[in-house]
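Residue numbers (this note's numbering): 202 to 813.
Below: the structure, in structure tokens.
In structure tokens form, the structure reads like this:
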């Protein structure tokens, strides 16, 4: 800024030296560990994400891989690299913006200070970026979270601060101390208050970003008012400075270590998670120190005889080697030969849930247009006997209803949306659900049932989560649902009780135990008991029974079909996992195991038709 000169090649060379060596080493080691630990599908995913990471587009990959059933985020070893991809994309575009704005504006004021003429341009771009972020969060939250357009302004704040005139950067003692405290408070307050369900970035990203900018301004080396201020003393303590030195390596290494532990643990040791996590973080600090000392530092400093061309060539070779490795892992299918067929049969239940949906577009728009995926008999003219409505549990239960329908030569329709329980007028706050649009969703489903004269509607939800603290709201919604579907569509409404819930990642826990029984305990020994299930479900089971008497709601219970002989519920049968994930979504095998529960659905007489 002071000279008005910029070398893009020199800038990008410094970025390569700073970022790439430690990043590539971490990626290579992660791939090596994953080849030993991960199941084929998950190793295949790691190979894909590795390629995306080294090509600095992992934010795009994880945005596309962020669906409801795309795997837990805490079990994706390279998930954290999305933010590094955003940063690198910024540092590819930022210098170009710098050059473009600089040339345009200095051509109009050749004698002006470059920093001074860049400030309004950067500020305008930042304000526009913040407004874009706010808009994107409302329209497409996952895209806003992962992609650069809604994040650009956050990183640009540092550039704006660098463009401030010197007299703005130096302040009197009281103001700089206020700025330091305010900045620290904004960052800590955001860390404490932000929740996973809150729309981020958008406006919620403004406080921590402003807090960071205030700290940089207030604690600048030439800021006279904070030279001995307590905020500076805390942040410049030996512990925090030491962590700052290894912070990049710590960022790189902590996440793969934690995810591999979560993956192997599969829920076995939930009681000791905090202790183990602390030990893993301490291990990450040790590895990060080694990475900082023997990888980051040596490569960051220019070596005698190392030309800029050599740096770019080495970077290209490193990227190419990891792209080829990740591609090979992907094309191999994750090397399934590492696992026995019986182990893979158990593990693959994680990817075998629900009936196949013929509706590939947006489910919300499809249902509004009167379309829904069908299941059951494929014979031409097979009557549509039931519509299944609910959240992800409805999708996972749908093979059970489909099998029963097929036995009776009937068809059915499936209307489901993640984190959106069934019930007219019932709204469940959730980042992955429909939220307030659930009201319109329910009305559209009622119209489908009415137009197609479907005699039965089956409600399936994760009632344990839905009804927690909201029993009265749920009661009113279900009463309205039963009444309106009967009076307006002549349909009988059924509700399916929750399946038994287990505290392990069932398919993987079963596969790991079968592979290494001396290391991984038998998950069946800690499966949910009948007593635990009854106690956990008592409040809303009582609600369903009351509604059965008061308004004619009919109740189906899959739990008895999953009962074992030892007072615990089954996790597997005939060598297949009955659950597809963390113990509350049935796999296809699990749904078929309880299919007989839905026989009454096809033996009932259609209730009284619509009242006139």
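All C-beta atoms in this analysis are idealised placements derived from N, C-alpha and C, irrespective of residue type, glycine included.
Counting C-beta pairs closer than 8 Å gives three or more between the region 737-745 and the region 663-674, which meets the contact rule.
With respect to the 7 Å criterion, residue 697 and residue 650 are not classified as neighbours on the basis of their beta carbons. Between the alpha carbons of residue 451 and residue 224 lies a gap of roughly 11 Å. Secondary structure at residue 291: helix, using DSSP grouped into helix, strand and coil. Taken in chain order, the complete alpha helix (DSSP H) segments of 4 or more residues contained in the region 442-522 are 448-466, 474-492, 498-501.
Non-local C-beta neighbours of residue 352 in its own chain, meaning closer than 6 Å and more than five positions away in sequence, comprise 287, ordered along the chain.
Distances from the alpha-carbon of residue 381 to those of 544, 673, 732, 431 put 431 closest. The DSSP-derived three-state label of residue 377 is helix. Per the coordinates, the alpha-carbon of residue 367 lies some 42 Å from the alpha-carbon of residue 519. The criterion of a C-beta distance shorter than 7 Å is satisfied by residue 591 and residue 617. A distance below 7 Å separates the beta carbons of residue 604 and residue 796.
Taken in chain order, the complete alpha helix (DSSP H) segments of 4 or more residues contained in the region 356-426 are 367-370, 374-394, 407-419.
The Cβ-Cβ distance between residue 384 and residue 412 falls below 7 Å. Under the three-state reduction of DSSP, residue 319 is assigned to helix. Approximately 5 Å separates the beta-carbon atoms of residue 785 and residue 702; this is inside 8 Å, confirming the contact. With fewer than 16 other Cβ atoms from the protein chains shown falling within 10 Å of its own Cβ, residue 423 counts as exposed. Shown here for residue 708: same chain residues with a beta carbon closer than 8 Å to its own, the five before and five after excluded, namely 547, 548, 549, 550, 551, 778, 780, 781, 782, 788 in chain order.
Going by C-alpha positions, residue 528 is about 14 Å away from residue 243. Per DSSP, the beta-bridge partners of residue 770 are 764. Our two residues, residue 350 and residue 489, have alpha carbons roughly 31 Å apart in a direct line. Residue range 707-716 is occupied by the alpha helix (DSSP H) that includes residue 716. Here residue 375 really is in contact with residue 426; their C-beta atoms are around 7 Å apart, less than 8 Å. Cβ neighbours of residue 610 within its own chain (closer than 7 Å, five residues either side excluded): 578, 580, 583. Close CB contacts of residue 681 within its chain, under the 7 Å cut and outside five residues either way in sequence, are with 625, 626 (chain order).
CA-to-CA, the gap between residue 362 and residue 283 works out to about 25 Å.
Comparing alpha carbon positions, the residue from 414, 555, 589 closest to residue 568 is 589. Runs of beta strand (DSSP E) with 3 or more residues, each lying fully within the region 656-731, are found at 657-661, 693-697, listed in chain order. By the CB criterion at 7 Å, residue 447 and residue 493 fall inside the cutoff. When only Cα atoms are considered, residue 477 and residue 254 end up about 28 Å apart.
Beyond the five residues adjoining it in sequence on each side, residue 327 comes within less than 7 Å, by CB distance, of 354, 357, 358, 361 in the same chain, given in chain order. Beta-carbon to beta-carbon, residue 754 and residue 763 are separated by about 22 Å, too far to satisfy the 8 Å threshold.
Separation of the CB atoms of residue 735 and residue 768 is rounded to 11 Å, and the pair is thereby denied contact status at 8 Å. Non-local C-beta neighbours of residue 699 in its own chain, meaning closer than 6 Å and more than five positions away in sequence, comprise 664, 665, 738, ordered along the chain. Between residue 235 and residue 338, the CB-CB gap reaches or exceeds 7 Å. Inter-residue distance for residue 415 and residue 571 is about 53 Å (C-alpha atoms, whole angstroms). Residue range 612-617 is occupied by the beta strand (DSSP E) that includes residue 612.
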